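*Asks:*
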Amino acid sequence: MRSPTTRIRTADRRTPAMVMLVTLLAAILLGNAARGDDADDAAALERRIVRTFASGDHDAALVLVDRYIAAWPDAPHMRYNRACGLALLGRRDEAAAALLVAVERGFRDFEVMRRDPDLASIRTHPTFTAILEARRRLDRGTADKQFDAWRRRYGDDYHYETDEEHRLHFATGLDARAHADMKQIIARQATHLSTRLFKSPPLDWCLVVVPSANHVREVFQRMLDVSDPARTPGVYLHGKRLLVTRDIGESLRHEFTHRMHWADMDRLGQRHAMWVQEGIASLYEEYVWTDDGRIRFVPNMRHNIARRQVQAGISLAWSKLFQLDTDAFFAGNARFYPQVRSIFEFLASVDLLEAWYRAYVETFDKDPGGGRAFETVFGLPVEQVEQRWKSWVLDRGAIDDRVEQGDASIGVSGTDAGDGVRIERIIGRNARRAGLRRGDVIVR
Numbered sequence: 088m089r090s091p092t093t094r095i096r097t098a099d100r101r102t103p104a105m106v107m108l109v110t111l112l113a114a115i116l117l118g119n120a121a122r123g124d125d126a127d128d129a130a131a132l133e134r135r136i137v138r139t140f141a142s143g144d145h146d147a148a149l150v151l152v153d154r155y156i157a158a159w160p161d162a163p164h165m166r167y168n169r170a171c172g173l174a175l176l177g178r179r180d181e182a183a184a185a186l187l188v189a190v191e192r193g194f195r196d197f198e199v200m201r202r203d204p205d206l207a208s209i210r211t212h213p214t215f216t217a218i219l220e221a222r223r224r225l226d227r228g229t230a231d232k233q234f235d236a237w238r239r240r241y242g243d244d245y246h247y248e249t250d251e252e253h254r255l256h257f258a259t260g261l262d263a264r265a266h267a268d269m270k271q272i273i274a275r276q277a278t279h280l281s282t283r284l285f286k287s288p289p290l291d292w293c294l295v296v297v298p299s300a301n302h303v304r305e306v307f308q309r310m311l312d313v314s315d316p317a318r319t320p321g322v323y324l325h326g327k328r329l330l331v332t333r334d335i336g337e338s339l340r341h342e343f344t345h346r347m348h349w350a351d352m353d354r355l356g357q358r359h360a361m362w363v364q365e366g367i368a369s370l371y372e373e374y375v376w377t378d379d380g381r382i383r384f385v386p387n388m389r390h391n392i393a394r395r396q397v398q399a400g401i402s403l404a405w406s407k408l409f410q411l412d413t414d415a416f417f418a419g420n421a422r423f424y425p426q427v428r429s430i431f432e433f434l435a436s437v438d439l440l441e442a443w444y445r446a447y448v449e450t451f452d453k454d455p456g457g458g459r460a461f462e463t464v465f466g467l468p469v470e471q472v473e474q475r476w477k478s479w480v481l482d483r484g485a486i487d488d489r490v491e492q493g494d495a496s497i498g499v500s501g502t503d504a505g506d507g508v509r510i511e512r513i514i515g516r517n518a519r520r521a522g523l524r525r526g527d528v529i530v531r
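Each residue of the sequence shown is one higher than the last, beginning at 88 in this note's numbering.
1. What number of angstroms, rounded off, separates the C-alpha of alanine 157 from the C-alpha of histidine 164?
2. Which residue marks the beginning of the beta strand (DSSP E) containing histidine 256, and which one marks its end?
3. Indicate whether glycine 366 and arginine 428 have their beta-carbon atoms separated by less than 8 Å.
4. Report the partner residues of cysteine 293 according to the DSSP bridge assignment.
5. Rounded to a whole number of angstroms, what is the C-alpha to C-alpha distance between valine 137 and glycine 172?
6. What three-state label does DSSP hand glycine 336 in the structure shown?
7. Bridge partners of phenylalanine 384, per DSSP?
8. Taking the CB atoms as reference points, tell me whether arginine 383 and serine 369 lie closer together than 8 Å.
9. Any contact of the stretch 211 to 231 with the stretch 173 to 192, i.e. 3+ C-beta pairs under 8 Å?
10. Could you tell me the distance, in whole angstroms, from the CA atom of isoleucine 335 to the CA atom of alanine 129?
11. Helix, strand or coil, according to DSSP, for histidine 137 in the structure here?
12. From the DSSP output, in three-state form, read off histidine 246 for me.
13. Taking leucine 149 as part of the alpha helix (DSSP H), name the residues at either end of that continuous run.
14. Around the C-beta of serine 402, are 16 or more other C-beta atoms found within 10 angstroms, so that it is buried, or is it exposed?
15. Let me check understanding here. Comparing Cα to Cα, which of Cys293, Arg445 and Arg154 lies closest to methionine 234?
16. Looking at the structure shown, is valine 427 part of a helix, part of a strand, or coil, going by DSSP?
17. Can you grab the Cα-Cα spacing for the pair aspartate 244 / arginine 179, in whole Å?
18. Counting only runs of 3+ residues fully inside the stretch 302 to 333, write out the beta strand (DSSP E) ranges in chain order.
19. Taking 8 Å as the threshold (C-beta atoms), are alanine 182 and alanine 170 in contact?
20. Secondary structure at alanine 131, three-state DSSP: helix, strand or coil?
21. Measuring alpha carbon to alpha carbon, tell me which of Arg333, Glu252, Ala274 and Lys477 ends up nearest arginine 395.
22. Going by CA-CA distance only, name the one from Leu132, Glu133 and Ala174 that's closest to aspartate 146.
23. Please check if any C-beta of chain C sits within less than 8 Å of the C-beta of arginine 459.
24. Quick one: what does DSSP say lysine 453 is sitting in, helix, strand or coil?
25. Which residue marks the beginning of the alpha helix (DSSP H) containing arginine 210, and which one marks its end?
26. Within this structure, are the beta carbons of valine 464 and leucine 355 separated by less than 8 Å?
27. Rounding to the nearest angstrom, what Cα-Cα distance links histidine 359 and arginine 135 in this structure?
28. Helix or strand or just coil, what does DSSP make of proline 163?
29. Roughly how many angstroms separate the alpha carbons of methionine 310 and alanine 230, rounded to a whole number?
30. Please determine if the stretch 315 to 323 and the stretch 254 to 263 are in contact, where contact requires at least 3 C-beta pairs separated by less than 8 Å.
31. Here's a check: name, in chain order, each residue in its chain whose Cβ is nearer than 6 Å to the Cβ of isoleucine 392, leaving out the five neighbours to either side.
32. Tell me the DSSP secondary structure of alanine 404 in three-state form.
33. I'd like to know whether the C-beta atoms of valine 296 and leucine 339 end up nearer to each other than 8 Å.
34. For a quick check, are the C-beta atoms of leucine 151 and leucine 132 less than 8 Å apart?
35. Between which two residues does the alpha helix (DSSP H) containing glutamine 357 stretch?
Below is the structure:
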């Protein structure tokens with residue numbers, strides 16, 4: 088269904104009854120969701136309900152909905168459908184009351200509720216407003232609970248801090264300087280993304296975790312169900328509003344971009360193609376700040392991979408790339424991540440990144456793959472834009488990402504340490520003379 092253009096605003100003035108309703112709703116939302124019956128006859132009746140609603144006979148559809156609820160009273164989605172039917176008939180108070188019951192019975196898809204055109208007639212109803220306000224309170228409450236649970240489990244081994252402006256809780260195993268650096272990275276990137284690309288800051292809260300080295304395996308396996316943390320530098324789980332990263336470099340910048348992008352998708356009522364989500368997040372892995380306060384993206388090792396793909400003629404055609412579903416994209420992630428980062432770096436290089444994203448949002452309903460957005464901003468068929476990208480990749484040349492004989496070197500080999508590089512081996516005399524030792528961490 089098309090998303091409504093009307094925004095929902097919380098009333099500035101609240102009656103005591105309204106405040107009580109919001110409080111009760113926040114308590115309701117903390118309960119467990121009810122489950123519907125999966126019997127064949129329930130599914131058959133549900134199909135009849137869908138067909139009847141589609142025919143426009145809302146009165147008849149409501150009769151069927153009530154029959155369903157009489158047999159299976161704990162089905163939250165059908166309680167929600169009842170509210171929609173009443174709203175479509177203009178019975179606002181009854182619809183609002185039915186929506187409240189749906190939430191009490193476990194309905195939790197508030198983004199669907201927020202943008203559902205079937206509920207247009209009750210968007211200004213006090214109950215509808217109270218439900219959304221309670222949801223926002225729940226978001227903060229859930230984040231607070233995660234934060235408190237982490238503090239109880241890991242105690243004083245971590246730095247704990249709350250950033251009210253960006254709606255973030257931090258629990259990091261970093262030292263004080265690295266913790267401060269991380270906060271600055273996030274604050275600057277958040278301001279940039281919410282003013283230039285996504286145009287709006289997140290409304291929900293998020294817990295940001297940088298586990299200490301001795302907790303990485305436990306955290307990634309227990310909290311994220313990641314069997315091999317060494318292959319996963321970071322994760323953002325939007326459903327849990329949880330960001331976990333092993334470093335405060337590329338991984339932090341990548342996952343925090345996901346956090347900002349998901350907030351924008353929630354606001355828009357859209358779920359962007361996976362190549363778009365991962366392409367934008369990968370783009371923000373590597374950048375520098377210019378003197379005028381802008382971001383300039385720089386190539387990382389993904390560029391050389393993308394360039395070799397183009398040279399060998401094995402980059403995936405855009406027409407196919409844009410149609411990949413989530414499973415197909417991740418099945419070929421080693422191949423696709425370099426290509427999608429390169430595409431967005433190309434857009435940024437011609438100063439069309441923001442224009443492309445706006446066009447993508449505007450054309451999303453008709454073309455969620457994104458090809459039409461390229462045609463909009465370039466004024467060319469997408470096939471010609473693809474050729475321009477390939478030429479740009481080849482003309483740019485490869486970046487030097489290897490240390491070879493005769494190259495400048497500090498004389499050590501190391502591994503990631505979260506806030507820098509931990510020295511594993513001293514291989515040069517000058518490094519020894521400088522006092523570097525195995526186990527030291529080199530930070531910027």
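From the three backbone atoms N, C-alpha and C, an ideal C-beta is built for every residue, glycine too.
Just so it is clear, the structure is predicted and the values come from calculations on it, not from any experiment.
*Replies:* Quick look at the numbers:
1. Here residue 157 is taken as the residue at index 70 of the sequence shown, counted from 1. Here residue 164 is taken as the residue at index 77 of the sequence shown, counted from 1. Roughly 14 Å separates the two Cα atoms.
2. Within the sequence shown, the letter at position 169 stands for residue 256. Start and end: 255 to 259.
3. Taking the sequence shown and counting its residues from 1, one reaches residue 366 at position 279. Taking the sequence shown and counting its residues from 1, one reaches residue 428 at position 341. Result yes, Cβ atoms of glycine 366 and arginine 428 sit closer than 8 Å.
4. Here residue 293 corresponds to residue number 206 of the sequence shown, with the count starting at 1. Cysteine 293 is bridged to Leu255.
5. The residue labelled residue 137 in the question sits at position 50 within the sequence shown. The residue labelled residue 172 in the question sits at position 85 within the sequence shown. Pairing valine 137 with glycine 172, the inter-Cα distance amounts to about 11 Å.
6. Translated into the one-based positions of the sequence shown, residue 336 becomes position 249. Three-state result, glycine 336: coil.
7. Residue 384 sits at position 297 when you count from the first residue of the sequence shown. Beta-bridge annotation (DSSP): phenylalanine 384 is paired with Tyr374.
8. As a working note, residue 383 is residue 296 in the sequence shown. As a working note, residue 369 is residue 282 in the sequence shown. No, Cβ-Cβ distance for arginine 383 and serine 369 is not below 8 Å.
9. They touch, by the three-pair rule.
10. If you number the sequence shown from 1, residue 335 lands on position 248. If you number the sequence shown from 1, residue 129 lands on position 42. Cα-Cα distance, rounded: 50 Å.
11. Within the sequence shown, the letter at position 50 stands for residue 137. The sequence shown places valine at residue 137, rather than the histidine named in the question. Valine 137: helix per DSSP, three-state reduction.
12. Translated into positions along the sequence shown, residue 246 becomes position 159. DSSP places histidine 246 in strand when its eight states are reduced to three.
13. As a position in the sequence shown, residue 149 is number 62, starting the count at 1. For leucine 149, the uninterrupted alpha helix (DSSP H) run begins and ends at 145 to 158, by DSSP.
14. Mapped onto the sequence shown, residue 402 falls at position 315. Label assigned to serine 402: buried.
15. Along the sequence shown, one-based indexing puts residue 234 at 147. A small fix is needed here, since residue 234 is phenylalanine in this sequence, not methionine. With distances taken between Cα atoms, phenylalanine 234 lies closest to Cys293.
16. By one-based count along the sequence shown, residue 427 stands at place 340. DSSP places valine 427 in helix when its eight states are reduced to three.
17. The sequence position of residue 244 within the sequence shown is 157, counting from 1. The sequence position of residue 179 within the sequence shown is 92, counting from 1. The C-alpha of arginine 179 is placed about 53 Å away from the C-alpha of aspartate 244.
18. Fully enclosed beta strand (DSSP E) runs of 3 or longer: 321 to 324 and 329 to 332.
19. Within the sequence shown, numbered from 1, the residue matching residue 170 stands at position 83. Within the sequence shown, numbered from 1, the residue matching residue 182 stands at position 95. Cβ distance < 8 Å, so alanine 170 and alanine 182 count as in contact.
20. Position 44 of the sequence shown, counted from the start, is the residue given in the question as residue 131. Alanine 131 falls in the helix class under three-state DSSP.
21. In the sequence shown, residue 395 corresponds to position 308, counting from 1. Arginine 395 has its Cα closest to that of Lys477, out of Arg333, Glu252, Ala274 and Lys477.
22. Here residue 146 refers to the residue found at position 59 when the sequence shown is read from its first residue. Measuring from the Cα of aspartate 146, the nearest candidate turns out to be Ala174.
23. No chain C appears in the structure shown, which is made up of a single protein chain.
24. In the sequence shown, residue 453 corresponds to position 366, counting from 1. In this structure, lysine 453 counts as coil in the three-state DSSP scheme.
25. Indexing the sequence shown from 1 puts residue 210 at position 123. For arginine 210, there is no enclosing alpha helix (DSSP H), as DSSP gives it neither H nor E.
26. Your numbering for residue 464 matches position 377 in the sequence shown. Your numbering for residue 355 matches position 268 in the sequence shown. Contact: no.
27. As a working mapping, residue 359 is identified with position 272 in the sequence shown. As a working mapping, residue 135 is identified with position 48 in the sequence shown. Those two C-alpha atoms are separated by around 31 Å.
28. By 1-based counting over the sequence shown, the position of residue 163 is 76. Reduced to three states, the DSSP call for proline 163 is helix.
29. The residue you call residue 310 lines up with position 223 of the sequence shown. The residue you call residue 230 lines up with position 143 of the sequence shown. Cα to Cα, the separation comes out at about 15 Å.
30. Inter-segment contact for the stretch 315 to 323 and the stretch 254 to 263 is absent: fewer than three beta-carbon pairs are separated by less than 8 Å.
31. Here residue 392 refers to the residue found at position 305 of the sequence shown. The residues are Pro425.
32. As a working mapping, residue 404 is identified with position 317 in the sequence shown. Three-state DSSP puts alanine 404 in coil, outside helix and strand.
33. Residue 296 sits at position 209 when you count from the first residue of the sequence shown. Residue 339 sits at position 252 when you count from the first residue of the sequence shown. Remark: C-beta atoms of valine 296 and leucine 339 do not approach each other more closely than 8 Å.
34. Taking the sequence shown and counting its residues from 1, the one referred to as residue 151 is at position 64. Taking the sequence shown and counting its residues from 1, the one referred to as residue 132 is at position 45. With a cutoff of 8 Å on beta-carbon distance, leucine 151 and leucine 132 are scored as near each other.
35. Translated into positions along the sequence shown, residue 357 becomes position 270. It is not in any alpha helix (DSSP H) - glutamine 357 carries neither H nor E in the DSSP assignment.
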